[in-house]
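J.:
Protein chains: 2
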Amino acid sequence: MGNTAAFDATEFRRALGSFATGVTIITTRDMQGEPVGLTVNSFSSVSLNPPLVLWSLANNALSLPAFRNNGHWAVHVLASDQEDLSGRFARRGENKFAGLDFDEGEGGVPLLRGCMARFQCRTATLYEGGDHLIFIGEVLSFDRDDAAPLVFHGGGYAHATQRDPAHTSPKSAWLDGSFSGDFLGYLLGRSHFRFYAQIRPLLEQAGLSDEEFYVLSALTLKQRMAINDLDAGMAGVLDDGSRDALASLVARGLARSVPEGYELSDAGRDCALRLISAATAVESQVLERLGPGDAQVLKSLLNRLLTVIDPGAAALWDGAP
Amino acid sequence: MGNTAAFDATEFRRALGSFATGVTIITTRDMQGEPVGLTVNSFSSVSLNPPLVLWSLANNALSLPAFRNNGHWAVHVLASDQEDLSGRFARRGENKFAGLDFDEGEGGVPLLRGCMARFQCRTATLYEGGDHLIFIGEVLSFDRDDAAPLVFHGGGYAHATQRDPAHTSPKSAWLDGSFSGDFLGYLLGRSHFRFYAQIRPLLEQAGLSDEEFYVLSALTLKQRMAINDLDAGMAGVLDDGSRDALASLVARGLARSVPEGYELSDAGRDCALRLISAATAVESQVLERLGPGDAQVLKSLLNRLLTVIDPGAAALWDGAP
Chain L
303 MGNTAAFDAT EFRRALGSFA TGVTIITTRD MQGEPVGLTV NSFSSVSLNP PLVLWSLANN
363 ALSLPAFRNN GHWAVHVLAS DQEDLSGRFA RRGENKFAGL DFDEGEGGVP LLRGCMARFQ
423 CRTATLYEGG DHLIFIGEVL SFDRDDAAPL VFHGGGYAHA TQRDPAHTSP KSAWLDGSFS
483 GDFLGYLLGR SHFRFYAQIR PLLEQAGLSD EEFYVLSALT LKQRMAINDL DAGMAGVLDD
543 GSRDALASLV ARGLARSVPE GYELSDAGRD CALRLISAAT AVESQVLERL GPGDAQVLKS
603 LLNRLLTVID PGAAALWDGA P
Chain C
303 MGNTAAFDAT EFRRALGSFA TGVTIITTRD MQGEPVGLTV NSFSSVSLNP PLVLWSLANN
363 ALSLPAFRNN GHWAVHVLAS DQEDLSGRFA RRGENKFAGL DFDEGEGGVP LLRGCMARFQ
423 CRTATLYEGG DHLIFIGEVL SFDRDDAAPL VFHGGGYAHA TQRDPAHTSP KSAWLDGSFS
483 GDFLGYLLGR SHFRFYAQIR PLLEQAGLSD EEFYVLSALT LKQRMAINDL DAGMAGVLDD
543 GSRDALASLV ARGLARSVPE GYELSDAGRD CALRLISAAT AVESQVLERL GPGDAQVLKS
603 LLNRLLTVID PGAAALWDGA P
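Residue numbers (my numbering), protein chains in the order written: chain L, 303 to 623; chain C, 303 to 623.
(1) According to a CB-to-CB cut-off of less than 9 Å, which residues of the stretch 419-441 of chain L neighbour chain A?
(2) List the residues that DSSP assigns as beta-bridge partners of valine 379/L.
(3) Please go through the same chain and pick out, in chain order, the residues whose beta-carbon is closer than 7 Å to the beta-carbon of glutamate 674/C, but skip the five residues on each side of it.
(4) DSSP three-state call for glutamine 464/C: helix, strand or coil?
(5) Leaving aside the five residues before and after alanine 392/L along the sequence, list all residues of the same chain whose C-beta is less than 6 Å from its C-beta, in chain order.
(6) Give me, in chain order, the residues of the same chain whose beta-carbon lies closer than 8 Å to that of asparagine 361/L; leave out the 5 immediate sequence neighbours on both sides.
(7) Compare the C-beta of tyrosine 459/C with all C-beta atoms of chain L and state if any pair is closer than 7 Å.
(8) Using C-beta distances below 7 Å, list every residue in its chain close to leucine 548/C, excluding the 5 sequence neighbours before and after it, in chain order.
(9) Report yes or no: is there a C-beta of chain L within less than 7 Å of the C-beta of isoleucine 260/C?
(10) What in chain L is Cβ-close to glutamate 585/C, meaning under 9 Å?
(11) Per DSSP, what kind of secondary structure is glycine 483/C in: helix, strand or coil?
(12) Locate the beta strand (DSSP E) running through leucine 477/L, then write down its first and last residues.
(13) Chain C partners of isoleucine 501/L, CB-CB under 9 Å?
(14) Kindly give me the distance between the Cβ atoms of serine 519/L and phenylalanine 481/C, rounded to whole angstroms, as I take these residues to be in contact under 8 Å.
(15) Report the option in Phe485/C, Phe437/C and Phe454/C whose CA atom is closest to the CA atom of glycine 373/C.
(16) Can you tell me where the alpha helix (DSSP H) holding proline 594/L begins and where it ends?
(17) Secondary structure at alanine 557/C, three-state DSSP: helix, strand or coil?
(18) Pull the bridge partners of threonine 341/C from the DSSP assignment, please.
(19) Kindly indicate if chain L contains any beta-carbon less than 7 Å away from that of histidine 455/C.
(20) How long is the line joining the alpha carbons of leucine 551/L and glutamate 514/L, rounded to whole angstroms?
(21) Could you name the residues of chain L that tryptophan 375/C contacts, counting a contact when the two beta carbons are closer than 8 Å?
(22) Tell me whether aspartate 405/C is buried or exposed, calling it buried when 16 or more other Cβ atoms sit within 10 Å of its Cβ.
(23) Pairs of beta-carbons, one from the stretch 496-505 of chain L and one from the stretch 483-494 of chain C, closer than 8 Å: are there three or more?
(24) At what residues does the beta strand (DSSP E) containing glutamate 440/C begin and finish?
(25) For the stretch 593-613 of chain C, enumerate the residues whose C-beta is nearer than 7 Å to any C-beta of chain L, in chain order.
(26) Where do the ends of the alpha helix (DSSP H) carrying glycine 535/C lie?
(27) Excluding the 5 residues preceding and the 5 following aspartate 612/C in the sequence, name in chain order all residues of the same chain whose CB lies nearer than 8 Å to its CB.
(28) Quick one: list the residues of chain C neighbouring phenylalanine 497/L, beta-carbon separation under 9 Å, in chain order.
(29) Beta carbons nearer than 8 Å to chain L: which residues of the stretch 538-564 of chain C have them?
(30) Using a Cβ cut-off of 7 Å, pull out every chain C residue sitting near proline 412/L, in sequence order please.
(31) Excluding the 5 residues flanking glutamate 336/C on each side, which residues of the same chain have their C-beta closer than 6 Å to its C-beta?
(32) Under the three-state reduction of DSSP, which class applies to proline 352/L: helix, strand or coil?
(33) DSSP state of aspartate 405/C, grouped into three classes?
(34) Roughly how far, in whole angstroms, is the beta-carbon of arginine 420/L from the beta-carbon of phenylalanine 444/L, given that I think they are within contact range, below 8 Å?
(35) Contact defined as beta carbons within less than 8 Å: I believe phenylalanine 321/L pairs with valine 379/C. What is the distance between those atoms, to the nearest angstrom?
(36) Looking at chain C, is there any beta carbon in it that lies within less than 7 Å of the beta carbon of leucine 387/L?
This is how it looks when you write it as structure tokens:
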């Protein structure tokens, strides 16, 4: 443990950053009538009755005179898809509002759109707080939308995912040491098989085997593909390589051999695009039931898992022109 | 938008709850020398120089006299695995510290262990804040550990997952409408195949096919399994049911037919436990590389995905005695 005299500013910031926060943009209008705003994560609720919230602003902030002078300001709690907005208002700059649609709140305060919650406030008190000034605001009105939040933690942006209720995962009670339903291999396999089961009727309609579908899909990635690239892409998926499936696609007129390797025929391209469009519709339905926030996190974590267990997985896509 | 007069307390709380926060426990010692502590999410950093932090306490809180009287207190930023501790200190009760190991900080303040960060503070100022009192503390010392944070959002606990740097996912540039590497079916399939590729050498050593391994694993869940239960569990996994794999396990002396269905032989049980132990070790290595926080969220989201696409997936486990 250090003491005040020995505080290392970087270490202190890092320790403070271990407390996760949402992200807000706080806006007002300056004496020239120009909209003013900045990204703030020191927001906190204070009192329910009267309704009070607080945030802190550095004494040397350029926008301090505007917030001091205009007794009204608005707090915008940002949603997960507003990271760009957060970045825009975190930078010093003249034109933070350029091109943004906004409404006018009490005191002419600019109100941004698409936020999780907005609080229109009137300054109730200003308190000294070292190198910052603490604004205590009475909340005059507010609104709220259901959305996933933007989170800030450890110096970077984060997703928040609701936790499962605490539970012990189901496990065989008679044979100690057996698999639980929480084994990653089971979860990945089951998820894959069940998701694929919703795609398979589409393949049956098109008269394609799983293997033919994999290879057909891979052929949509580049205009022409060498057989070695195809085989590398299918490593771990098709044990015997792509040749059998390729031969069958060629025999059915969906693909053709060219000097550089293989390419889709017009019929193959139509077939692939029809299947992909239908499969993407299935995916959309699944992801909608999962919720957009969780869907984004799941994909992000599967991508991270792949970089851990399969550094070469991106090769098929990286090669795309 | 409402106004002050029309504030609905529940709606206001809900709007405030859209701002995500970390979770802290703040401790002190009362005039009788008893340790006191409560769960607080109104923590916020205020100033770097001097180092100040703040939090708010309800005017009618039982612990208010203790915090007012003892000018020292400590803020503990909780880690992801401290949800139970958060719950314990959020309830009114006499014995919050019962059975807890803690150290003594400045002013005799109890210091809890296993937290992400701890700030030992001396009250610098008390400010009125409506129905709450705002404690401004000068940070005397702090420490920090790397860990995943406990997050509170929308009235419940949440995980925080670091966001990927903003990027456009790789996509075929030549054929509009083709799959991207972000398609859930691709991510699930690829993750499954690659994870399974690390398990497969274990199966080869044991001389088992994939199908035999699936059925052998399923037979570890209950002491005896009816063929219909087995087939139901394998739906979407083994297209032709369990019979072929079962017959081969029986022929090799790893399983046997009993009046109620099938069960593992002693040799089958040994074989299964050896494989499961080795597979679990592979899983641990993968999850360690992913990081414990992300690993937990990934499993949680795959479970959530399964309840969405495969409500019957839990049936195999639910039936366990």
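The beta-carbon is built from N, C-alpha and C at its ideal position, and this holds for glycine as well.
A quick note: this is a predicted structure, and the numbers were derived from the prediction, not measured.
T.: Quick answer:
(1) As a matter of chain content, chain A is missing from the structure shown, whose protein chains are L and C.
(2) Thr326/L and Ala419/L
(3) Because residue 674/C is not part of the residues shown, which for chain C are 303 to 623, the question remains open.
(4) strand
(5) Thr341
(6) Asp433, His434 and Leu435
(7) yes
(8) Val517, Ala557 and Tyr564
(9) Not covered by the structure: residue 260/C. The range shown for chain C is 303 to 623.
(10) Phe485, Leu486 and Gly487
(11) coil
(12) No beta strand (DSSP E) contains leucine 477/L, which DSSP labels as neither H nor E.
(13) Gly487
(14) 6 Å
(15) Phe437/C
(16) 594-611
(17) strand
(18) Ile327/C
(19) yes
(20) 7 Å
(21) Simply none; closest approach about 15 Å.
(22) exposed
(23) yes
(24) 434-446
(25) Asp596, Val599, Leu600, Lys601, Ser602, Leu603, Leu604, Asn605, Arg606, Leu607, Leu608, Val610, Ile611 and Asp612
(26) 529-535
(27) Gly538
(28) Leu486, Gly487, Leu490, Gly491, Leu607, Ile611 and Asp612
(29) Gly538 and Val539
(30) In chain order: nothing, as chain C lies at least about 15 Å away.
(31) none
(32) coil
(33) strand
(34) 6 Å
(35) 5 Å
(36) no
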